[in-house]
Amino acid sequence: MDLARSSIKLFIANIFGAGLQFLGITFFARELGASQMGVFFLFQALLGIVAIPADFGLRGAVEKRISEGIQPGEYLSSAIILKLIPISLIILSITIFEQRINSYLGGDFAVYLALAIILQEAAQLAVSVLKGELRVGETAELNIIRRITWVGGGFLLVSSGLDAEALIYSLLAGMVVTLIWGLSKITTSLKKPSFKNARSLFNYSKYSVVSSIGGYFYSWMDVAIIGIFLTQSHVGAYETAWRVTAITMLFSQAVASTIFPQVSQWSSKNEQQQIESVISNSITPSMLLVIPAFFGILVFSDEIMGIVFGSEFTIASYVLIILAGEKILQSIHVIIGRSLQALNQPGLAARATVISVVLNLILNVILILSLGIVGAAVATALSFAVNTVLHAHYLSSFVSIKFQYSQIGWCTVSSLIMAGVLFGFKTLVGVNSLLQLFVGIFVGILVYATITLLYQPIRETAFKNLNHLVPT
327 MDLARSSIKL FIANIFGAGL QFLGITFFAR ELGASQMGVF FLFQALLGIV AIPADFGLRG
387 AVEKRISEGI QPGEYLSSAI ILKLIPISLI ILSITIFEQR INSYLGGDFA VYLALAIILQ
447 EAAQLAVSVL KGELRVGETA ELNIIRRITW VGGGFLLVSS GLDAEALIYS LLAGMVVTLI
507 WGLSKITTSL KKPSFKNARS LFNYSKYSVV SSIGGYFYSW MDVAIIGIFL TQSHVGAYET
567 AWRVTAITML FSQAVASTIF PQVSQWSSKN EQQQIESVIS NSITPSMLLV IPAFFGILVF
627 SDEIMGIVFG SEFTIASYVL IILAGEKILQ SIHVIIGRSL QALNQPGLAA RATVISVVLN
687 LILNVILILS LGIVGAAVAT ALSFAVNTVL HAHYLSSFVS IKFQYSQIGW CTVSSLIMAG
747 VLFGFKTLVG VNSLLQLFVG IFVGILVYAT ITLLYQPIRE TAFKNLNHLV PT
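Numbering (my numbering), first residue to last: 327 to 798.
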């Protein structure tokens, strides 16, 4: 597998998909307002939480075992059987607590939650199989198709007069399309399941599920707690800020998704030198976009939330800044976290995750009650900092982690200069419209890219990776 080509292909697809999703969220936020957006985000938060027991870490286990190349069909069949048990129990639980769920969500959406968990788990399992087959680059089109379906369907339904349910219906449609497309792509055929393979999957997933809990807690627990203590408008504003900062992680996630199956394969062959090289060479590219994004958001946070989404979303301006800073930590974590799991050490990843999850939960309750949605952002950033440090500590026990400090430092200096230019632009020209905001962002990108590429090691790496896009 060509790591550079797969990473860039996935990144380009994610850029397109994220751009489309950003336009969709902008349109939906303007049309529906923060409260109705909050209803949809609460639906996604609850879906993320119930997905934890529904999957129980099996998707990660499937990707790991299939990437090892031994009995992939048997492992896939065994995984499907294992997943049927928790999914059935969750659907039963949703049926029993239907009224309470509807009350929390602010609408009669419990039945759609049950349908969503089935479709999501099936679709994501197909994606995990593709990754396990070392075909990470091919999952790029799945992400694009899913987002096109969600944005396109949501646009039509919102335009026809529907509120939050429009986004839920189109979300379900995107899952269906992803499932069908994914099933048409995978080459692993179902074989006779076995107790031995099921036990092997479970032995990995029982640790992997803890890491997935950490991921879902990180993504949705703050939103779920905001929904309990504050209003749906607060949920809508907070999660919208989260979605904006998530765009900065596109390349980092592409790199992390690409290196996992490859590191897993190298680990099974004890090729430690190659593993250390790819981890060290992946950290700097992973940080390449998140650093300037933080400094740009530091200057334009009020304008992004107010001009793009509407005045009622400006309550999350400080949230946007805090979460953008936290993404710098996440860009490191996605590399070392996935590498630790690829080295078949899910137990250590689970230990780090448990500590950070407990801290996240405690801090969210305390800080949301005292600081509101800003407290949720602070809680997330602090707990994730602990999570990143612990993962790095555990990974360093197996491989050497080397940071390219000169390159990271140059990116930081370039970002500071860019921020100075943006502040000058804001002061002299003003940012009072979408056009002025987009011009300011474009100026920032141009300044950062120009200064960054003046540094020869970064320039050589960038052009080398771009060359991988051209078939030889």
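Glycine residues also receive a C-beta, built at the ideal position from the N, C-alpha and C atoms.
Note that the structure is a prediction, hence the values are computed from the model and not measured.
Please classify residue i as buried or exposed, where buried requires at least 16 other C-beta atoms within 10 Å of its C-beta.
i: Ile617; result: buried
i: Val477; result: buried
i: Glu786; result: exposed
i: His560; result: buried
i: Thr778; result: buried
i: Val625; result: buried
i: Val755; result: exposed
i: Lys522; result: exposed
With a threshold of 6 Å on Cβ separation, who are the neighbours of residue i within its own chain once the five nearest residues in sequence on each side are excluded?
i: Val796; result: Note that Val796 has pLDDT 43, beneath the 50 cutoff, so the model's placement of it is unreliable and no number is given.
i: Gly770; result: Gly622, Met744 and Leu748
i: Asn758; result: none
i: Ser510; result: none
i: Leu346; result: Arg473 and Val477
i: Leu497; result: Trp476
i: Ser740; result: Tyr774, Ile777 and Thr778
i: Leu693; result: Gly701, Val704 and Ala705
Which residue from the options puts its Cα closest to that of residue i?
i: Ser637; options: Gln558, Val549 and Ala360; result: Ala360
i: Thr610; options: Ile688, Thr566 and Thr738; result: Thr738
i: Ile647; options: Ala703, Ser485, Ile417 and Val561; result: Ala703
i: Val484; options: Asn428, Lys517, Ile470 and Phe353; result: Phe353
i: Phe382; options: Tyr720, Ile407 and Ile396; result: Ile407
i: Ile734; options: Asp489, Thr571 and Ser612; result: Ser612
i: Val765; options: Tyr430, Thr776 and Lys752; result: Lys752
i: Asn607; options: Phe768, Ile654 and Ile658; result: Ile658
i: Gln446; options: Val365, Ile427 and Ile413; result: Ile413
i: Asp489; options: Ala449, Tyr774, Phe366 and Ala676; result: Phe366
i: Arg525; options: Leu505, Ser404, Ser723 and Ile727; result: Ser404
i: Gly487; options: Ile688, Gln397, Leu358 and Gly673; result: Leu358
i: Gly562; options: Ala678, Val645 and Ile605; result: Val645
i: Pro783; options: Ala492, Ile411, Ser732 and Val755; result: Ser732
i: Ala452; options: Gly508, Ile443, Glu652 and Asp628; result: Gly508
i: Ala440; options: Ile420, Thr557, Ala705 and Ala448; result: Ile420
i: Arg664; options: Tyr564, Gly701, Val604 and Asp628; result: Val604
i: Ile708; options: Leu689, Leu527, Tyr720 and Leu695; result: Strictly speaking, residue 708 in this sequence is Leu, with Ile absent from that position. When only C-alpha atoms are compared, the closest one is Leu689.
i: Ala650; options: Val700, Asn523 and Gln450; result: Val700
i: Leu418; options: Ala380, Ile396 and Gln397; result: Ala380
i: Leu697; options: Ile506, Gln450, Val570 and Leu556; result: Leu556
i: Ile444; options: Ile411, Met547, Leu761 and Trp568; result: Ile411
i: Thr409; options: Tyr438, Glu467, Ala449 and Ala572; result: Inspection of the sequence shows that residue 409 is occupied by Lys rather than by Thr. Of the candidates Tyr438, Glu467, Ala449 and Ala572, the one whose C-alpha sits nearest the C-alpha of Lys409 is Ala449.
Could you pull out every residue in the same chain whose Cβ sits closer than 7 Å to the Cβ of residue i, ignoring the five residues on either side in sequence?
i: Leu780; result: none
i: Thr798; result: Note that Thr798 scores a pLDDT of 41, beneath 50, so its modelled location is shaky; the value from the coordinates is reported in the next line. Closer than 7 Å at the Cβ level, and outside the excluded window around Thr798, lies no residue.
i: Leu614; result: Phe577 and Cys737
i: Thr566; result: Ile351, Ala355, Met363, Phe635, Phe639 and Ala642
i: Phe342; result: Ile470
i: Val455; result: Val388, Ile392, Leu402, Ile512 and Thr514
i: Lys728; result: Ser606
i: Leu516; result: Gly399, Leu402 and Ser403
i: Ala492; result: Gly480, Leu483 and Val484
i: Glu652; result: Thr706, Ala707 and Phe710
i: Leu666; result: Leu674, Ala675, His717, Tyr720 and Leu721
So what's residue i in DSSP terms, helix, strand or just coil?
i: Ser403; result: helix
i: Asp381; result: helix
i: Leu468; result: helix
i: Thr514; result: coil
i: Lys457; result: helix
i: Lys522; result: helix
i: Gln656; result: helix
i: Phe435; result: coil
i: Leu493; result: helix
i: Gln667; result: helix
i: Leu564; result: As written in the sequence, residue 564 is Tyr, which differs from the Leu given in the question. It is helical.
i: Phe729; result: coil
i: Phe768; result: helix
i: Gly756; result: coil
i: Phe639; result: helix
i: Thr557; result: coil
i: Gly478; result: helix
i: Tyr781; result: coil
i: Gly508; result: helix
i: Val796; result: Any reading at Val796 must be qualified, since the residue scores a pLDDT of 43, below 50, and its modelled position is unreliable; the value itself is stated next. Here Val796 sits in coil by DSSP.
Enumerate in chain order the residues of its own chain whose CB-to-CB distance from residue i is below 8 Å, with the five nearest sequence positions on each side excluded.
i: Gln656; result: Met575, Ser578, Val616, Phe710 and Thr714
i: Leu368; result: Tyr430, Leu431, Gly432, Val549, Ala550, Gly553, Gln558 and Val561
Mind checking whether the beta-carbon of residue i lies closer than 7 Å to any heavy atom of the ligand NAD?
i: Arg391; result: The ligand NAD is absent from the structure shown, which contains no ligand whatsoever.
At a cut of 8 Å, does the stretch 668 to 684 reach the stretch 624 to 643 through at least three beta carbon pairs? No, the stretch 668 to 684 does not touch the stretch 624 to 643.
May I ask you to verify whether the stretch 450 to 460 touches the stretch 432 to 441, counting CB pairs closer than 8 Å and requiring at least 3? Remark: fewer than three beta-carbon pairs, one from each stretch, lie closer than 8 Å, so the stretch 450 to 460 and the stretch 432 to 441 are not flagged as touching.
Count the CB pairs spanning the stretch 364 to 379 and the stretch 501 to 516 that are closer than 8 Å, and state whether there are at least three. Segments in contact, no.
The stretch 714 to 732 touching the stretch 663 to 682, judged by at least three CB pairs closer than 8 Å: Using a Cβ-Cβ distance cut-off of 8 Å, the stretch 714 to 732 and the stretch 663 to 682 are in contact, since at least three pairs of beta carbons, one from each stretch, lie closer than that value.
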